[in-house]
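Structure record follows, encoded as structure tokens.
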Amino acid sequence: MMTTIRTRFAPSPTGYIHVGNVRAALFPWLLARQQGGTFILRIEDTDRARFVPGAEGLILDTLEWLGLDWDEGPRRGGEYGPYHQSERLEIYRAWAQTLIDKGLAYADPYTPEQVQAFRDEARAAKKAFLYRDYRPENPPAWDGTQPLRFKVANPKRYTWHDPVMGELSAGPEALDDFILIKADGYPTYNFAHIVDDAEMHITHVIRGLEYISSIPRYLSLYEAFGLTPPVLACLPHIMAPDGKKKLGKRDGAKSVSDYRTDGILPEAMLNFLASMGWNDGTEQEIFSRDELIEKFSLSRVQKSGARFDEKRLLWMSGQWIRRLSLDDLYTRVSNPAGNRSSKQSAAASTYWPPAAAQASEDYKKRVLALAQDRLKTLADLPQLTNYFFEEPTRDDSLIETNKQLKKLSPGERQALMRTAHDSLAALTDWTPESIQQRLNDLLEKTSQKPGILFSLVRIAITWAPFSPQLNDTLALLGKETTLKRLASF
Ligand code: GLU
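Numbering follows numbering that gives the first Met the number 0, with no gaps: position 380 of the sequence shown is 379.
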């Protein structure tokens, strides 16, 4: 019988969820969706010292925003729950008891100070510290107040196949008597995730590279339980933009929900996350969710670190914005939280500039149609369109920082805008084409370069660093507004 694939994402609610965390959700999700398998979400909340209230809600909202739906877990339920580790303490105790019964787990009698003394002793002897070298001969019975340790009965070499990293192997020095259950009664990650993956019938464990050095220990524990391990895959690190160190908060490893607030589309975020460490072997860069599901494979995940490049994310975001229909874009810009706005949400309430509140839907859609190709994120909208809704504020720095415009005297600039005003005023038919024609005529008439004349008209009309095409902008603003702004330059 063929087993169906069951993958999982097992976040710890210890803070915000950054790009590295979400990639560790995306890849197992892709595999499950591709293979008609099941994707499970499990909350690993046994580290009470690092627990952050509210973090879980943010993780769930982020996954939902990205469309990484889970079949079992919080907000869904499922056959193998509970899906919060803190609600599974009895299960871990029962599994621990089987190890105690086999003589493969024992109570740790030492105080933290004693363990530190062993470490110091090992360091003085220039030896790697291994707890098992100090294993007590006659440990006391475990009463639940001491840490419970795993006993590595038979330290040996393990070899295993990681579908991403290849053939791996580690000697007995990688094995030790690690803690299964802490003195506070909560299991360690090392123990709990093995129990849960087994109980939840996980077939593929996909997680960050930071776990790779612990895998021999996990293998020794699987063996102690008589279990066949699932496929164990580690994903390459995500590196800072300089490619030299792991991405940290300082390098822009911000919360994925901040990107949402910044107006990055979920399609772009998903595409970007997938591209960090994976490609399909071609030059293709833009992948839809369905294409990712179709093309993803663990064997094409790269071994070496994947560079985090925020510029690339912005580029992808712009690409995805262009692909939306105008109505879809309009909805996303106008009502980003969708019909879930009652929930606490990382989405802005609207991306329109405040002055757009009075404008009609029809006018806003026409503005949006012009801006669509220039938006990198939805949050760029106010800067790119505000002057369609209210009189812009004069900002002379736009002229002073423009090499070409700076060369003209204020008088010359005013004369140019007066000429532009008069010749556009004479235009009876106000369409993008006729306006373009008139602007071209103006170039000849004034013997100016487009870099000067068109830039100056753009600034006089918008007082913004960017705008959609000039003729389209003037056409939509209307003749009256255009002339008024040129006249008051
Ligand atoms: N709770 C672990 C983490 O957030 C999960 C690692 C795993 O996927 O097993 O890093």
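The beta carbon of each residue, even a glycine, is placed where N, CA and C say it ideally should be. Bear in mind that the values here come from a model prediction, so they are computed numbers and not experimental data.
Check: Within the segment 188-265, ranges of the beta strand (DSSP E) (whole runs, at least 3 residues); Outcome: 203-207, 230-234
Check: Beta-carbon contacts of Asp176 that lie in its chain and below 7 Å, excluding the five residues immediately before and after; Outcome: Tyr130, Arg131, Arg134, Arg148, Phe149, Lys150, Val151
Check: Close-in-space but distant-in-sequence residues of the same chain around Gln403 (CB under 6 Å, 5 per side omitted); Outcome: Gly450, Ile451
Check: Selection from Ile180, Ile211, Ile193 that minimises the alpha carbon distance to Glu530; Outcome: With the chain represented from 0 up to 488, any question about residue 530 goes unanswered, as that position is not in the structure.
Check: Thr392, DSSP secondary structure in three states; Outcome: coil
Check: Supposed contact pair Ala354 and Ser316 - C-beta distance, whole angstroms, cut 8 Å; Outcome: Actually they do not touch by this definition, with Cβ atoms about 24 Å apart.
Check: Backbone secondary structure at Glu399 - three-state DSSP; Outcome: helix
Check: Spatial distance of Gln436 from Asp421 (CA atoms); Outcome: 15 Å
Check: Own chain, CB closer than 7 Å to Leu103, minus 5 neighbours either side, in chain order; Outcome: Phe149, Lys150, Ala152, Ala223
Check: Unbroken stretches of the alpha helix (DSSP H), 4 residues or longer, contained in the segment 292-353; Outcome: 309-322, 325-333
Check: Host alpha helix (DSSP H) of His83 (start-end); Outcome: His83 -> no alpha helix (DSSP H), and no H or E assigned at all.
Check: Heavy atom of the ligand GLU within 8 Å of Tyr133 beta-carbon; Outcome: no
Check: Given Leu174 as reference, the closest of Tyr79, Val21, Ile214 once Cα atoms are compared; Outcome: Ile214
Check: Val366: CB within 8 Å of a non-hydrogen atom of the ligand GLU; Outcome: no
Check: Reduced DSSP secondary structure (H/G/I, E/B, other) of Tyr105; Outcome: strand
Check: Proximity of Phe520 and Ser298 at Cβ, strictly below 9 Å; Outcome: Given that the chain is displayed from residue 0 to residue 488, the structure contains no residue 520 and the question cannot be resolved.
Check: Stretch-stretch touch, CB-based, cutoff 8 Å, three pairs: the segment 320-337 with the segment 183-202; Outcome: no
Check: Close Cβ partners of Lys294 (< 6 Å) along its chain, the five nearest in sequence each way excluded; Outcome: Asp279
Check: Per-residue DSSP class, three states only, for Ser168; Outcome: strand
Check: Nearest to Gly19 (by Cα), restricted to the options Ile178, Asp44, Lys245; Outcome: Lys245
Check: Any non-hydrogen atom of the ligand GLU closer than 8 Å to Arg47 Cβ; Outcome: no
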